[in-house]
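*Asks:* For what it's worth, this note's numbering labels the leading residue of the sequence shown as 27, then goes sequentially.
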Amino acid sequence: MDTNITLALLIIGSIISIYLAGRIAERRGRSFKIWAWIAAIIGPLALPLVFLFPNLHRKNGDHA
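1. Mark Arg53 as exposed unless 16 or more other C-beta atoms lie within 10 angstroms of its C-beta, in which case mark it buried.
2. Enumerate in chain order the residues of its own chain whose CB-to-CB distance from Ala65 is below 6 Å, with the five nearest sequence positions on each side excluded.
3. Please report the distance separating the alpha-carbon of Pro70 from that of Leu82.
4. Go ahead and pull the three-state DSSP assignment for Pro80.
5. Residues in its own chain within less than 7 Å of Trp61 by CB, not counting five upstream and five downstream?
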C-alpha cells in the first residue's frame, strides 16, 4: 500500500515539475514545449537547469 502512495506522489511531482519548468522557461524567453520535454526526460532537475541559461527577455540596457 505504501508503494502505491509513493508512486502516485512521484508521478504527481513529475507532472508538476514538467509544467513548472515549461512556464518558467516561457517567462525567461524560452520555448514551453521544449522545456516541458526536457523536464519529462530528466525530471525535476530541469527546474534549476532553466535558471542556468540567460534570460532572453532582458532589456538591452540591463547587465548581468
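A virtual CB, placed ideally from N, CA and C, is assigned to each residue, including glycine.
*Replies:* By the coordinates alone:
1. In the sequence shown, residue 53 corresponds to position 27, counting from 1. With fewer than 16 Cβ atoms within 10 Å of its Cβ, Arg53 is classed as exposed.
2. Counting from one through the sequence shown, the residue named residue 65 turns up at place 39. Once the five neighbours on either side are set aside, the close Cβ partners of Ala65 are Ser43, Ile44, Ala47, Ala72.
3. Translated into positions along the sequence shown, residue 70 becomes position 44. Translated into positions along the sequence shown, residue 82 becomes position 56. Those two C-alpha atoms are separated by around 22 Å.
4. As a working note, residue 80 is residue 54 in the sequence shown. If DSSP states are grouped into helix, strand and coil, Pro80 belongs with coil.
5. The residue you call residue 61 lines up with position 35 of the sequence shown. Cβ within range, chain order: Ala47, Gly48, Ala51, Ala72, Val76.
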